[in-house]
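Worksheet: one structure, shown below.
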Amino acid sequence: MLTWVHGAVRLRSVPNEIEGDRPGAAAGYRHDLDGLRGLAIALVVVFHVWMGRVSGGVDVFLVLSGFFFTGMLLRRIETTDAIGLGYTVRRTVRRLLPALCLVLAAVLAATVLAQPYTRWADISAQTLASALYYQNWYLAGAELDYLAPDPSVSPLQHLWSMAVQGQFYLLMLLVVGVWSWTLRHRGRLLVWLGGFGVASFWYAASGSAQHQAWTYYDSGARAWELLVGAALAVAAPWISIPKSVRAILAVVGLGMVISCGLLIDGGTEFPGPAALYPVLATAALIVSGMNTGTAPRPWTNRLLATPLLVELGALAYSLYLWHWPVLIFYLTEYGESSPGIGGGILVIAVSLVLAVATQRLIETPLRLRLSTTRSGVAARSRRGIGAAVSVLGIAVLAAALSWQAVVRANPAHPAAELAVNRYPGAAALFEEIAVEPEPMRPTVFEGPLDAPAPTSDGCITSSREVRVCTYGDVNAARTIALVGGSHSEHWLPALELLASEHQFRIVTYLKESCPLTLADQPSYALAPFPECRAWSIEVLDLLAEHRPEWLFTIGTRPRWDEGDYVPTEFIDVWTALADRGLNVLAIRDVPWLRRGEVHYRAVDCLAQRGTPYSCGMDRAAALAPENPAELPASRHPNIFPLDLSDAICRPDRCLAAEGNVLIYRDEHHLTASYARSLAPELGRRIGEITQWW
Numbered sequence: 005m006l007t008w009v010h011g012a013v014r015l016r017s018v019p020n021e022i023e024g025d026r027p028g029a030a031a032g033y034r035h036d037l038d039g040l041r042g043l044a045i046a047l048v049v050v051f052h053v054w055m056g057r058v059s060g061g062v063d064v065f066l067v068l069s070g071f072f073f074t075g076m077l078l079r080r081i082e083t084t085d086a087i088g089l090g091y092t093v094r095r096t097v098r099r100l101l102p103a104l105c106l107v108l109a110a111v112l113a114a115t116v117l118a119q120p121y122t123r124w125a126d127i128s129a130q131t132l133a134s135a136l137y138y139q140n141w142y143l144a145g146a147e148l149d150y151l152a153p154d155p156s157v158s159p160l161q162h163l164w165s166m167a168v169q170g171q172f173y174l175l176m177l178l179v180v181g182v183w184s185w186t187l188r189h190r191g192r193l194l195v196w197l198g199g200f201g202v203a204s205f206w207y208a209a210s211g212s213a214q215h216q217a218w219t220y221y222d223s224g225a226r227a228w229e230l231l232v233g234a235a236l237a238v239a240a241p242w243i244s245i246p247k248s249v250r251a252i253l254a255v256v257g258l259g260m261v262i263s264c265g266l267l268i269d270g271g272t273e274f275p276g277p278a279a280l281y282p283v284l285a286t287a288a289l290i291v292s293g294m295n296t297g298t299a300p301r302p303w304t305n306r307l308l309a310t311p312l313l314v315e316l317g318a319l320a321y322s323l324y325l326w327h328w329p330v331l332i333f334y335l336t337e338y339g340e341s342s343p344g345i346g347g348g349i350l351v352i353a354v355s356l357v358l359a360v361a362t363q364r365l366i367e368t369p370l371r372l373r374l375s376t377t378r379s380g381v382a383a384r385s386r387r388g389i390g391a392a393v394s395v396l397g398i399a400v401l402a403a404a405l406s407w408q409a410v411v412r413a414n415p416a417h418p419a420a421e422l423a424v425n426r427y428p429g430a431a432a433l434f435e436e437i438a439v440e441p442e443p444m445r446p447t448v449f450e451g452p453l454d455a456p457a458p459t460s461d462g463c464i465t466s467s468r469e470v471r472v473c474t475y476g477d478v479n480a481a482r483t484i485a486l487v488g489g490s491h492s493e494h495w496l497p498a499l500e501l502l503a504s505e506h507q508f509r510i511v512t513y514l515k516e517s518c519p520l521t522l523a524d525q526p527s528y529a530l531a532p533f534p535e536c537r538a539w540s541i542e543v544l545d546l547l548a549e550h551r552p553e554w555l556f557t558i559g560t561r562p563r564w565d566e567g568d569y570v571p572t573e574f575i576d577v578w579t580a581l582a583d584r585g586l587n588v589l590a591i592r593d594v595p596w597l598r599r600g601e602v603h604y605r606a607v608d609c610l611a612q613r614g615t616p617y618s619c620g621m622d623r624a625a626a627l628a629p630e631n632p633a634e635l636p637a638s639r640h641p642n643i644f645p646l647d648l649s650d651a652i653c654r655p656d657r658c659l660a661a662e663g664n665v666l667i668y669r670d671e672h673h674l675t676a677s678y679a680r681s682l683a684p685e686l687g688r689r690i691g692e693i694t695q696w697w
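In this note's numbering, the protein residues as written are 5 to 697.
Quick look at the structure:
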């Protein structure tokens, strides 16, 4: 993080502070904030490695980043009468990019060696996003939740926070620069920052309630956390607090920092109002050590200034860079969802060794001023390191850009239709026809793109908005409403073929990750999702108004251990639909590919010399012996279960491909090609129930 680098080179937080806690410390230097960085990085690493959740440590860094950087800009203006744009940019780049380039180069190399080639395009794109400081927007655009570590997670996911801070630095250069050209009164700047901060907090609060996955990475929603630190740097000369209040602030602040990750799951609640917890805790610790005069800082601040935490704080930037990719590649190598005690210790040890080496061999030499290394071996070493890092950075960008160019020059185009005689797909199972081997279609590159129309035409929403679209025979009198999340959506290609043949229209009500639910946090969800409930209620009202003849939606969910089931929330929705007089075709969900608790993409497995058989999973692990929707549906006369498991799985195993057709485009969504091959069997089942044909 940007602030960690500044801390490591001992920037003072405010211009009028007193001697540091250590004898001989430079005036104004805050060893306790170094220690706070050390505590924060320790929490980040421990929570990532063993607890699989957000600790709040990154939010601590965001506040400190705003505090240190803004304070540095103010001091430069006060001492040189200019913001020194060129100097500030060069100085920041010199302290940030060398270590980042090294880590990005290591990740690219490890990806080529350890990851399937189907993942190279995404990693190269994320490498560019990380190097150019827009990784947060890349992840937001990809609709990726901040996930707990497992082998399927990007080794560069954690760099979103660096992108947010880099963008903030550019913004602060502009804001402070404009302020320096006008009336240089700290009160005016404080008002500006306060206004921006309030607007950002409101945006974060409303965004987290509506679309948390996007808001988590949104710079506008994160800005208020950095602006709190920036405002403290501006207001520092005016802050004077009694000793007893300082002591209380310090103790409470430290307790809140340590307990944050235990009490709040930041991955599902930040940067909304819940983020006030770590932000205010950090602000309390900053304020408690300000302007103490000749009196010692509170004992809590002195505790943070102990050598172990201070040294760990100096390593925080490089340790943050290294720990996540080391963890992800460890999990990838062993196919685990958690490293366990021994593996976690190994991950942390390797990360620490790499962090120390990066700091001593790259960061520290390049931080030295040229005037101190103008002659001799030190100067040559510094220039050599700088040249090597520059070459490495160019190589990283060239490699990432080259692979992106290859991908764009050779785009994958899934076939709209496959010859049934060569690619029977599901017919190989439900018609038991002989299949001559052919090259699999879609290919491993085409598979992830072989999605139904709503994915590309915007008819499946990721926001609170209810979007209604029509497919099939749009002029037909009969209607099937396709309702729910992406696991309802992936049946659309089959329904479209049936609609064309039997003259009915398909009206879609689709929202990502949102089966119809009346609960804020369904039992199958990892976190509260009140937006889904609000969307579902509106959809239920629209269905009651438009009254389609049939609804088509998912009727089961997979269990994390073995088999599948019908969540109670689904049954509640069935009752609500019955109350509205609506009939439902409840399709059994497809198996979700996983090994133990770790999900995997079929295309990645196949790209690593896997076979359709080895890249599948045992049917008993994926599905219960009987459709679990049958019994609860018998109590609901409006629910008609559909089960096409025998057209997806063999009696003993669910393969990754059947009839020369790839079944899965990722871990648990059907390819459009395989869905189309299911149309005859799906049509037979629907015809029996609806009597439409």
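Think of the CB as a built atom: it goes at the ideal place given N, C-alpha and C, for glycine as much as any other residue.
Residue i (DSSP reduced to helix, strand or coil)
i    : result
G476 : strand
E671 : coil
D25  : Note that D25 has pLDDT 36, beneath the 50 cutoff, so the model's placement of it is unreliable and the number below is only indicative. Residue state, collapsed to three classes: coil.
E444 : Looking at the sequence itself, residue 444 is Met, so the reference to Glu does not match. In the structure shown, M444 sits in coil (DSSP, three-state: anything other than H, G, I, E or B).
F556 : strand
A30  : Model confidence at A30 stands at a pLDDT of 40, short of 50, so the residue's coordinates are unreliable; what they give is reported in the following sentence. Coil, per DSSP.
M294 : coil
E315 : helix
L666 : strand
M5   : Any reading at M5 must be qualified, since the residue scores a pLDDT of 37, below 50, and its modelled position is unreliable; the value itself is stated next. Correct three-state label for M5: coil.
L682 : coil
V511 : strand
Y321 : helix
L40  : helix
L307 : helix
P519 : coil
S375 : Unreliable placement is indicated for S375, whose pLDDT of 45 sits below 50; the coordinate value is still reported in the next sentence. In this structure, S375 counts as helix in the three-state DSSP scheme.
C619 : coil
T83  : helix
Closer than 8 Å to chain D by CB, residue i
i    : result
C473 : Within the model displayed, chain D is absent; a lone protein chain is all it includes.
In DSSP terms, what residue i is bridged to
i    : result
H603 : R598
I484 : I510 and W554
D545 : Note: D545 sits in no beta bridge, so no partner.
Y569 : R561
A661 : L666
L646 : I591
CB-CB length for residue i against residue j, believed under 8 Å
i    : j    : result
T694 : W554 : 6 Å
Y142 : A129 : 7 Å
L571 : S527 : Checking the displayed sequence, the identity of residue 571 turns out to be Pro instead of Leu. About 5 Å; that satisfies the 8 Å criterion.
A403 : L674 : Contact flag wrong, Cβ pair sits at about 34 Å.
G233 : G70  : 3 Å
V487 : L520 : 6 Å
T512 : Y475 : 7 Å
R445 : L666 : 7 Å
Y61  : L47  : The sequence given here has Gly at residue 61, not Tyr. Their Cβ separation, rounded to whole angstroms, is 4 Å, which keeps G61 and L47 in contact under 8 Å.
Y207 : A235 : The Cβ separation is near 17 Å, so there is no contact.
A279 : E229 : 6 Å
G559 : A633 : 4 Å
A118 : E337 : 7 Å
G429 : S649 : Contact flag wrong, Cβ pair sits at about 15 Å.
Cβ-Cβ distance between residue i and residue j below 8 Å
i    : j    : result
I510 : L589 : no
A125 : W564 : no
L108 : A133 : no
T483 : F508 : yes
G42  : V283 : no
V58  : D269 : yes
V53  : I352 : yes
G194 : L231 : A quick correction: the sequence has Leu, not Gly, at residue 194. Cβ atoms of L194 and L231: not closer than 8 Å.
S492 : F533 : no
The ligand ADP heavy atom lying under 7 Å from the CB of residue i
i    : result
A582 : The model on display carries no ligand, and the ligand ADP is accordingly not part of it.
Between the region 615-629 and the region 657-670, do three or more beta carbon pairs fall short of 8 Å? A contact is defined here as three or more CB-CB pairs under 8 Å, and the region 615-629 meets this definition with respect to the region 657-670.
Kindly confirm or deny that the region 282-295 and the region 75-92 touch, where touching means at least three C-beta pairs closer than 8 Å. Using a C-beta cut-off of 8 Å, the region 282-295 makes no contact with the region 75-92, since fewer than three inter-stretch Cβ pairs fall below that distance.
Is there contact here, the region 577-594 with the region 319-332, by at least three beta-carbon pairs under 8 Å? No: the two stretches stay apart, fewer than three of their Cβ pairs being nearer than 8 Å.
Under 8 Å, with one C-beta from each stretch per pair, do the region 598-605 and the region 664-677 reach the 3-pair mark? Because the criterion of three Cβ pairs below 8 Å is met, the region 598-605 and the region 664-677 touch.
Stretch-stretch touch, CB-based, cutoff 8 Å, three pairs: the region 86-103 with the region 169-179: Taking 8 Å as the limit for Cβ pairs, the verdict is that the region 169-179 does touch the region 86-103.
Would you say the region 294-312 touches the region 242-255, given that touching needs at least three Cβ pairs under 8 Å? Proximity of the region 294-312 to the region 242-255 meets the contact definition, three or more beta-carbon pairs being nearer than 8 Å.
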